[in-house]
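Participant: Which chain is which? The protein sequence lines are C and B, in order.
Position 93 of the first sequence, counted from 1, bears residue number 93 in the numbering used here, the numbering being contiguous throughout.
Counting the second sequence from 1 gives a position; the numbering used here is that position plus 234.
Note that the Cβ used here is the ideal one computed from N, Cα and C, for glycine as well.
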Amino acid sequence: MAASHNEILRGGDKTSFVLPQHHALTLTAGGSRTAVALFVFRAGRTSERYCMPDTLKAQHTAFLTTGRVLLSDMGRVLLAVTEDTCGWHDTITGHQDATGSAARYGTRTYQQARNGWIQNSRDNALIEFGKWELGERDLHANLNAFVKVVSDDQGGLSWQPNVAAGQRLTLRAALDVLVVLTNTPHPLDPWADYAPDPVTLDIRAVPPPGADDPCRIMRPENARAYELTEGVLA
Amino acid sequence: MSLLFDQVVPAGDGFRGTLPTGSRFRITDLEGNQAVDTLFYSLDDPTERYDAAATMRAQQRVYLTTGTRLISSRGRTLLTITDDTCGQHDTLGGACACETNQVRYALDRRHMHACRETFLLQLATGGPVAGRMLGIRDIAHNINFFMNVPVTPQGGLSFADGISAPGRFVELTAAMDCLVLISNCPQLNNPCNGWNPTPVRMQAWA
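#1: For a cutoff of 8 Å on Cβ pairs, would you count H89/C as touching chain B?
#2: Give a yes or no on whether 8 Å exceeds the smallest Cβ distance from P387/B to chain C.
#3: Need the endpoints of the alpha helix (DSSP H) that I127/C sits in, please.
#4: Which of helix, strand or coil does DSSP assign to E83/C?
#5: When DSSP labels each residue in this structure, what does L413/B get in the three-state scheme?
#6: What did DSSP end up calling F259/B once you bin it into helix, strand or coil?
#7: Going by alpha carbons, who is nearest to L368/B out of R260/B, P425/B, R258/B and L277/B?
#8: Secondary structure at V337/B, three-state DSSP: helix, strand or coil?
#9: Pull up the CB-CB distance for Q96/C and T184/C, whole angstroms please, since I reckon it's below 8 Å.
#10: Quick check on DSSP: helix, strand or coil for S151/C?
#11: Quick check on DSSP: helix, strand or coil for D240/B?
#12: Return the bridge partner residues of I397/B from the DSSP annotation.
#13: Going by DSSP, which residues form a beta bridge with W159/C?
#14: Would H375/B pass as a contact of A269/B if the rule is Cβ separation under 8 Å?
#15: Can you find a CB in chain C that lies within less than 8 Å of the CB of T300/B?
#16: When DSSP builds the beta bridges, which residues end up paired with M346/B?
#17: Please go through the same chain and pick out, in chain order, the residues whose beta-carbon is closer than 8 Å to the beta-carbon of R122/C, but skip the five residues on each side of it.
#18: Using the three-state DSSP reduction, which class does T299/B fall into: helix, strand or coil?
#19: Cβ closer than 8 Å: which chain C residues qualify as neighbours of F393/B?
#20: Using three-state DSSP, classify Q268/B as helix, strand or coil.
#21: Considering just the uninterrupted stretch of the beta strand (DSSP E) at G248/B, what are its terminal residues?
#22: Let me know the secondary structure DSSP gives L277/B once reduced to three states.
#23: Can you tell me the Cβ-Cβ gap for P209/C and A80/C, rounded? I've got them flagged as a contact below 8 Å.
#24: For H375/B, which residues in chain C fall below 9 Å Cβ to Cβ?
#25: From D189/C to G12/C, what distance separates their C-alpha atoms?
#26: So, Y194/C versus Y50/C, is the Cβ gap smaller than 8 Å?
#27: Quick check: what's the CA-CA separation for V363/B versus S47/C?
#28: Could one say the Cβ of M74/C lies closer than 8 Å to chain B's Cβ atoms, at least one of them?
#29: I'd like to know whether the C-beta of R371/B is nearer than 8 Å to at least one C-beta of chain C.
#30: Following the continuous beta strand (DSSP E) through E7/C, name the residue where it begins and the one where it ends.
#31: Using C-beta distances below 8 Å, list every residue in its chain close to N246/C, excluding the 5 sequence neighbours before and after it, in chain order.
#32: Identify the continuous beta strand (DSSP E) that holds S16/C and give its terminal residues.
#33: Taking the beta carbon of K57/C as the centre, do at least 16 other beta carbons fall within 10 Å, making it buried, or is it exposed?
#34: If the cut is a Cβ gap below 7 Å, which residues of chain C does L356/B touch?
#35: So, does the CB of E333/B fall closer than 8 Å to a CB anywhere in chain C?
#36: Got a sec, what are the start and stop residues for the beta strand (DSSP E) R42/C sits in?
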């Protein structure tokens, strides 16, 4: 097996793969309009999947950055954020669908534009889900890598500039996980045209998290989630 | 309008009902500060279900109150909140689960009753919906009526003391035929139920 893998995911493109335990996926933004919707499941037992509410309430946060973990609905760590050079990744505002995309950009079909057509996050995710025999029931609140959406004092949400070319997000797998990625525009971004920037994917083996791992010791909740993930009943 | 149901749900119990298009559904917090974990599904095809992220995105606001349209996973309105004497409801905090209680509080808390147990039992024993049984894959991120989960501009999030009170209610009007699934939250580890889970009342009129 190759020790590492890298590829470029073009704007509008999607992919899915099993990220093995103790491997890291680094996403590197190609520009200020890179936004990657990420869905993640436990490989081989995909009813266990990323749980946005459990992740946020366990870590008393409304966004993800270095040191935080993505928890499953069964209290286990799926991914840990081991590096983040941009500081904020949204997980509360979901992804674009075909209706929203058409309302924003109009249509640019395959017949008109061949592979320069407009693709949306939801349809892309469902296509990738299909390759693993998953479907609509498996959609969940995803991670929006490189996207910043903040809440004001009254709960009003607003998109904010957050990313530039070269900024990175690294996610380390605590178990074998199925990752589904779609590099398609976030529905709250300010751009009227459809022109997503690419993202580079790098996958490599990394050491297992030690006793003093920053993600493990970030909070006592994280340490307990790792206990559940590393125990004999995991 | 005629009464469809009027039922008190004891603390820690569940409720499952159907809401025809146009019906009014009222949940009353009888004793105050009681979280009511709630899921909605399209009765015709329960694969279409309440979508918390789509709902927050549609209104560009975290909290739910009068005027909030509850958006489905297919981008349609399931129900609209048409009255609210509490003023603010949560959809970020999710449902408590035995496994998550272990993460949040202590590994020895798995025995404590939790909302997801109630959801799973209601789905397992309530019979099929549109010809199929629902299960864990159908449990999406829920609404927590009467629960207070403030988010700060810096991205902080906490389970805070409630802002509800005895007799406060929320009322919704169904935009399509819906299945409603309720867990009257049994959580004892945080202030979401004022440290004392209490009954709530379900009423609907068509």
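Facilitator: Answer, in terms of the structure:
#1: So no, H89/C is outside the interface.
#2: At least one chain C Cβ lies under 8 Å of P387/B.
#3: I127/C: member of the alpha helix (DSSP H) spanning S121 to K131, first to last residue.
#4: Of the three classes helix, strand and coil, the one that applies to E83/C here is strand, per DSSP.
#5: In this structure, L413/B counts as strand in the three-state DSSP scheme.
#6: Strand at F259/B.
#7: Scanning R260/B, P425/B, R258/B and L277/B for the CA closest to the CA of L368/B turns up L277/B.
#8: Note: V337/B maps to helix in three-state DSSP.
#9: Sure, about 6 Å apart at Cβ, within 8 Å.
#10: Strand.
#11: Residue state, collapsed to three classes: strand.
#12: Note: I397/B sits in no beta bridge, so no partner.
#13: DSSP output for W159/C lists V149/C as bridge partner(s).
#14: It is not a contact, given that the beta carbons lie outside the stated cut-off.
#15: So, not an interface residue.
#16: According to DSSP, M346/B bridges with nothing at all.
#17: Contacts found: H95, Q96, D97, A98 and L139.
#18: Correct three-state label for T299/B: coil.
#19: Annotation: Cβ neighbours of F393/B in chain C (cutoff 8 Å, chain order): K57.
#20: For Q268/B, the secondary structure class from DSSP, reduced to helix, strand or coil, is coil.
#21: DSSP places G248/B in the uninterrupted beta strand (DSSP E) bounded by G248 to L253.
#22: L277/B carries a coil assignment under DSSP once its states are collapsed to helix, strand and coil.
#23: About 7 Å separates the two Cβ atoms, so the contact holds.
#24: For a Cβ distance threshold of 9 Å, residue set C51, M52, P53, H140 and A141 of chain C lies close to H375/B, ordered along the chain.
#25: Taking the straight line joining both Cα atoms gives about 15 Å.
#26: Contact: no.
#27: About 20 Å.
#28: It does: the Cβ of M74/C has a partner Cβ on chain B nearer than 8 Å.
#29: True, the Cβ-Cβ gap to chain C drops below 8 Å.
#30: Unbroken beta strand (DSSP E) run through E7/C: S4 to L9.
#31: No statement about residue 246/C is possible, as the shown extent of chain C runs from 1 to 234 and does not include it.
#32: S16/C: member of the beta strand (DSSP E) spanning K14 to L19, first to last residue.
#33: With 16 or more other Cβ atoms within 10 Å, it is buried.
#34: Here residue 356/B turns out to be Gln, not Leu, going by the sequence shown. Contacts between Q356/B and chain C, judged by CB atoms closer than 7 Å, are missing: the closest CB pair is about 17 Å apart.
#35: So, interface residue.
#36: Its beta strand (DSSP E) spans residues V36 to R42.
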